[in-house]
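Residue numbers (the UniProt record's numbering): 1 to 197. For each residue, glycine too, the CB sits at the ideal point set by N, CA and C.
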């Protein structure tokens, strides 16, 4: 059973955390992204599918390639960020289930069901993308998740050798510059979008 986090930790992960449009000049290193992923992989996915595939763009040339796939405003954010991440999803994730979920023959659940695999890869890969944001924040980093890119271009640039892997979304990563954020958008009270049945 877990222990509730204190207010400072909750602020870091949720209440004070923001989506950043720009970053301070603090480098993101391989050890940093490995630490983030070591938390991401612990988040739950259905039958431990782990369908997300991450490409960590730490080199400027990789960020430039990603920026070339994005809208003008997003391209500028990507080029100037200390790091960017492509969050992909493997539509053939089931091939890994014999070792990821050895309790039963989970691979057979998805054999011959390409559409079902796409749905599951998107759902569980999106969960892992959210875990990435939370893990980065928990370790003192900030993110700028975004749409606004040409998915076919991203797939060609980063997943050409793995045609069953498709981009879900992309994000910048670094130490956020407070001068680059807007006022926080409204957050609804419980009663607005919730009901108890």
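Inspect the beta-carbon positions of residue i and residue j and report whether they are closer than 8 Å.
i           : j           : result
residue 9   : residue 69  : no
residue 45  : residue 128 : yes
residue 63  : residue 84  : yes
residue 41  : residue 49  : no
residue 89  : residue 43  : no
residue 175 : residue 12  : no
residue 185 : residue 145 : no
residue 21  : residue 77  : yes
residue 36  : residue 130 : no
residue 94  : residue 117 : yes
residue 91  : residue 153 : no
residue 132 : residue 181 : no
Hey, quick one: how far does the alpha helix (DSSP H) through residue i stretch, first residue to last?
i           : result
residue 98  : 97-100
residue 56  : Taken as a continuous stretch (DSSP letters only), residue 56 belongs to no alpha helix (DSSP H), being part of the beta strand (DSSP E) at 52-57.
residue 66  : 60-67
residue 7   : 7-10
residue 108 : 107-110
residue 93  : Run containing residue 93: none; DSSP gives neither H nor E here.
Does residue i come out as helix, strand or coil in the three-state DSSP assignment?
i           : result
residue 28  : coil
residue 20  : coil
residue 70  : strand
residue 132 : helix
residue 159 : coil
residue 149 : strand
residue 185 : coil
residue 124 : helix
residue 113 : coil
residue 196 : coil
Pull the bridge partners of residue i from the DSSP assignment, please.
i           : result
residue 173 : 83, 143
residue 167 : 88
Under a CB-based cut-off of 8 Å, is residue i close to chain B?
i           : result
residue 154 : Looking for chain B here will not work: only one protein chain is present.
Could you tell me if the beta carbon of residue i falls within a distance shorter than 7 Å of some heavy atom in the ligand NAD?
i           : result
residue 165 : As for the ligand NAD, it is missing from this structure, which has no ligand bound.
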